[in-house]
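Residue numbers (the working numbering): 91 to 242.
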């Protein structure tokens, strides 16, 4: 895994933990609110002293968790943008790599064709040189024969 993938995975795991802890807070808050409403007015007055601090604590915890959730959501969005950017860069690099590979293959084919032509031209040159040397030798032999005939 790449570093950015691991970072994204860790950030998402943290976000999930935050979401799960908030679910418990919401359930506890809902339960406390339901109990407060369900009790009669007289019972409520007696237990109000016990419920109020707990309710205040739960409300503060709820605000804290909402703030944390908003922060985690913002961080998650930043990570998603970074992931999209890295994915786009990867696609562009893949395209560039494919173009380079295609160019390299085309150049290799051209090199092979040119090497074949060079080899054919070298063979043709050797043949022509051999023919020229043979013709020059034949001409020299004719001149030597003519000179020998004239000297007699």
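Using N, Cα and C, we set each Cβ at its ideal position, and we do this for glycine too. Quick caveat, the model's predicted, so the values are computed rather than measured.
With a CB to CB cut of under 6 Å and the five nearest residues on each side skipped, what residues in its chain are close to residue i?
{"i": "residue 94", "result": "176"}
Beta-carbon within less than 7 Å of residue i's beta-carbon, same chain only, minus the 5 sequence neighbours each way: which residues are those?
{"i": "residue 101", "result": "165, 166 and 169"}
{"i": "residue 152", "result": "115 and 119"}
{"i": "residue 98", "result": "169 and 173"}
Report the rounded CA-to-CA distance for residue i versus residue j, giving the unit in angstroms.
{"i": "residue 192", "j": "residue 209", "result": "26 Å"}
{"i": "residue 188", "j": "residue 181", "result": "11 Å"}
{"i": "residue 240", "j": "residue 230", "result": "15 Å"}
{"i": "residue 236", "j": "residue 220", "result": "24 Å"}
{"i": "residue 224", "j": "residue 233", "result": "14 Å"}
{"i": "residue 105", "j": "residue 154", "result": "14 Å"}
{"i": "residue 214", "j": "residue 204", "result": "15 Å"}
{"i": "residue 121", "j": "residue 174", "result": "41 Å"}
Using C-beta distances below 8 Å, list every residue in its chain close to residue i, excluding the 5 sequence neighbours before and after it, in chain order.
{"i": "residue 179", "result": "none"}
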